[in-house]
Structures are given as C-alpha cells and as structure tokens.
C-alpha cells in the first residue's frame, strides 16, 4: 500500500527540482549566456537527464503513473524551451 504522505513528498521533491532547474536556466538568461555558451546546453541536458531519472524512479515506486511522469518531464522541457526562445529573441534585438 502506498503511503500518501510519501507520495506527496516525492511529488513535492520533483516539483522543487524542476523549479531549481528553471531558476538555473533563468539566471543564465539574464546574462545572455544561453545563446552564447554552447557548453550551457550540455548543462541543461544533464539536468534534464537527471530529472527524468528522478521521475522514472518515482514512477517505479508507484507514486506517479507513467503518463503523469511523462507529463512532468514534458512540461519542464516546454518551460526550458520557452526560456531559450525568449533569450534568443532578446539576443537578436541587441
């Protein structure tokens, strides 16, 4: 039987980690490093890989359905893509 408090904690950790990744990328957006630092893409890829593994673990533990897990990863990717697109547009304006 799944403990509801453990499930809530696992989901909270995933949401916090997603926000931490967004903040990391957002800080780089302010310095326009996103469009000028090819190595930064590797950092984002590494963060996304780690996050997807966290989500997969939570799914395996039964705290999240595979579909909900895919949705969480997809939503983070969309947010990161939007930040990157916004940063690219800003760099074109300068």
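In the working numbering, the protein residues as written are 69 to 162. The beta carbon of each residue, even a glycine, is placed where N, CA and C say it ideally should be. Computed from a prediction, not measured in an experiment: that's the story for all the values here.
Pair within 8 Å by beta-carbon distance, residue i and residue j
| i | j | result |
| --- | --- | --- |
| residue 122 | residue 84 | no |
| residue 90 | residue 119 | no |
| residue 137 | residue 153 | no |
| residue 197 | residue 116 | There is no way to answer for residue 197, as the model of the chain reaches only from 69 to 162. |
Assumed close pair residue i, residue j - CB separation to whole angstroms, cut-off 8 Å
| i | j | result |
| --- | --- | --- |
| residue 93 | residue 151 | 5 Å |
| residue 82 | residue 126 | 6 Å |
DSSP state of residue i mapped onto helix, strand, coil
| i | result |
| --- | --- |
| residue 79 | helix |
| residue 129 | coil |
| residue 113 | helix |
| residue 71 | coil |
Worksheet item: Is the segment 132-144 touching the segment 70-88, taking contact as three or more C-beta pairs under 8 Å?
Response: Judged by Cβ distances under 8 Å, the segment 132-144 makes contact with the segment 70-88, as three or more pairs qualify.
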